[in-house]
Amino acid sequence: MKDEYKYITQTIKEIDAAIKLLPNDEERKGLESEKKALWGLKRLLDKRSILEHLTNVGLLPNYAFPETGVTLNAWVKSNKAKASDNIPTDKQFEIVRSSKSAIREFAPDNYFYSQGFKFAISGLNTYDWKDVGTLLVKRFCSNCDHIADKVTSTEAHCPKCGDASWASDKNQHVFIKLSGVKSVNFRDKSSLDDSSDDRDSNIYRVSKHLKFDSKSFQGAWGMKEIPFGIEYVKNVDIIELNLGLSSAVNANKVIINQHEDVPYHGFVTCKQCGKSSSKFNQRDYKFHYGYCKHKDREYTGVKDDVFEEVFLFREIKTEALKVLLPVQEFESEATINMFKAGLELGLKNTTKEILNI
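Shown next as structure tokens:
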């Protein structure tokens, strides 16, 4: 939180320096508006309670959010009415969602509906990207769900399935754990009314990866008559990746966990201001927020000192039951989903019976 506060303070100083060099034109008014919004974000940090913050970062238990929450800092600019001399008041919002939901709902290019507004998600928090360990380089397999931190060994094949794609230079990418996002909006375009019930929502390429701790297996039970059994694993890491919009296109593509034609750029993000998108090739797209000192630089198709190409991820450590099912009886996705629903209903009813004892 201290780093975020320092980042906002430094950005305000940079805007002040830029404003002094500008005449009283539209660019200056835009920077003054951006500065006003940053002051609003500082006030939100001042108002945040200690218990709330410790819960959001996973240091205190929150049974509604079993994993660290993701924070949306949203700013709604107010347009001045033509027949009024009143200076409109901007609004700032701070909304927290669980990582499970936020990996899609808070992803850049998406929309989140709350507080009577349609918030367009347009950026990532990058104030801590200079810290060691924030930008994680991971290697992945094209054939299976194996993923690991950047390896310096000369492994020629995937340690999990033996696929040769593991050694490819393209099977290595920068990953960012989703922790906070930004949204900048205008009131007249983002305010909701009752004229339509439609909700805009984007579809992303999402890949799930499981890492079982081989030392934490607690035993298995099986049936001899049919291939059915269960195995309890004490420690398992569940990693979910957001690889960008399904509609995003790029000639440079990779295959991850059998997900084909994934654009390698992922989410193109400015390291300074955090503006981010996976569909940047749309017309008139601006790669930076108005206050960014690199606002004259454009993405040229490769990452450099200003832009980073990232995949988003969330990670949770938990326990797991592995279920072995007879293949001939569970060939369709619909049958598997029916089995899962029945299993969850059984667990729910069992829990109720235990609580009534």
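First residue of the sequence shown: 19, per my numbering; consecutive thereafter.
Note that beta-carbon positions come from the ideal geometry of N, C-alpha and C, so glycine has one too.
Keep in mind that this is a model prediction, so the values were computed, not measured.
- For R122, no beta strand (DSSP E) segment is defined; the enclosing uninterrupted segment is the alpha helix (DSSP H) at S117 to E123.
- Linking E351 to V254 through their CA atoms gives a straight-line distance of about 24 Å.
- Taking all protein chains in view, the Cβ of H175 is surrounded by fewer than 16 other Cβ atoms within 10 Å, so the residue is classified as exposed.
- In the three-state scheme derived from DSSP, where H, G and I count as helix and E and B as strand, Y222 is classed as strand.
- If you draw a straight line from the Cα of L40 to the Cα of T27, it is about 21 Å long.
- For K271, the CB contacts under 7 Å within the same chain, skipping 5 residues up- and downstream, are D279, V280, P281 and Y282 in chain order.
- The C-alpha of R66 lies about 11 Å from the C-alpha of I113.
- Straight across, the Cα-Cα distance linking L78 with K47 is about 42 Å.
- Measuring C-alpha to C-alpha distances from Y131 to each of R115, F285, Y145 and V224 identifies R115 as the nearest.
- Looking from the CA of N91, the closest CA among T144, K118 and T73 belongs to T144.
- Around the CB of P126, 16 or more other CB atoms lie within 10 Å, so the residue is classed as buried.
- Excluding residues up to 5 positions away in sequence, I26, T29, I30, I33 and Y309 lie with their Cβ nearer than 8 Å to the Cβ of L56 in the same chain.
- Spanning the alpha carbons of K321 and S197 requires a straight line of approximately 22 Å.
- Boundaries of the alpha helix (DSSP H) around W57: E44 to K65.
- Counting only the Cα atoms, M241 lies some 49 Å from L142.
- K148 and G292 do not touch by the CB rule: their CB atoms are close to 13 Å apart, not below 8 Å.
- Within a 10 Å sphere around the beta-carbon of Q290 sit 16 or more other beta-carbons, which makes this residue buried.
- DSSP lists I248 as the bridge partner or partners of W239.
- Spanning the alpha carbons of D146 and T89 requires a straight line of approximately 15 Å.
- Inclusion of Y129 and A138 in the CB contact set at 8 Å is warranted, their separation being smaller than that value.
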